[in-house]
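Just so we're aligned, residue 4 is where the sequence shown starts under the working numbering, counting upward by one.
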Amino acid sequence: MATSPSLSVRPSASEHPTPETSPYRPTHRSNPSTQSPTSPSSPGASPSAARSLNLDHLNTVFVAVGFPRRDTNKIRLALENTDTLLWYEYEKTKRPVAFARATGDGVFNAIIWDVVVDPNRPSHNAICCAFSFIAYHLTT
């Protein structure tokens, strides 16, 4: 039986992006209205953070990865009913380059939706930052 090579997405210490070296800025929003009373909310997270996410720019990232263009009103509705939003913006343009969202029951289960990284900005740092950020917020 042939074995397939293993794939590791964990960067080495020298490749791991830091806030000082990364041109990307993380943004996180937890939606308290969709969480159960026992669900922790991230400190500093606010629903207004999602309002700063330009849905047309997000739609551009969706299309770039092969998703169909979505109605922005439907995107807004989906985001309003999402427990946690995570995205990275390129500092210079303030446009999203990576995005993910999660919904769950607040106790046992969560589903991660719409994980995208803009292929027009092929940066190992953006991918590592996005997935490190997602993993951190889903495990804390």
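Note that the Cβ used here is the ideal one computed from N, Cα and C, for glycine as well.
First and last residue of the uninterrupted beta strand (DSSP E) at residue i
i	result
ASP117	113–120
LEU88	87–93
GLY69	That residue, GLY69, is in no beta strand (DSSP E); it is neither H nor E in DSSP.
GLY107	98–107
Assigned secondary structure, residue i (DSSP; H/G/I helix, E/B strand, else coil)
i	result
GLY63	The amino acid occupying residue 63 in the given sequence is Thr; Gly does not appear at that position. Helix, per DSSP.
SER55	coil
Pairwise C-alpha distance: residue j and residue i
i	j	result
PRO71	PHE111	31 Å
VAL100	ASN123	9 Å
ARG104	THR87	6 Å
TYR139	ASP74	30 Å
GLY109	VAL66	31 Å
ILE115	SER135	14 Å
TYR96	ASP117	Note on identity: in this sequence residue 96 is Thr, with Tyr being the wrong assignment. Distance between the alpha carbons of THR96 and ASP117 is about 22 Å.
Unbroken alpha helix (DSSP H) run spanning residue i, endpoints
i	result
ARG79	75–83
Reference residue i, options the options, closest by Cα
i	options	result
THR63	ALA81, ARG104, VAL119	VAL119
ARG79	TYR91, GLU92, LYS97, LEU58	LEU58
LEU56	ARG104, ASP74, TRP90, ALA81	TRP90
THR85	PHE65, PHE102, TYR139	PHE102
GLU106	GLU94, LEU82, THR96	In the sequence as displayed, the identity of residue 106 is Thr instead of Glu. Among GLU94, LEU82, THR96, the Cα nearest to that of THR106 is on LEU82.
ASN76	ASP121, LEU61, LYS95	LEU61
ARG98	VAL66, VAL68, ASP121, ASP108	ASP121
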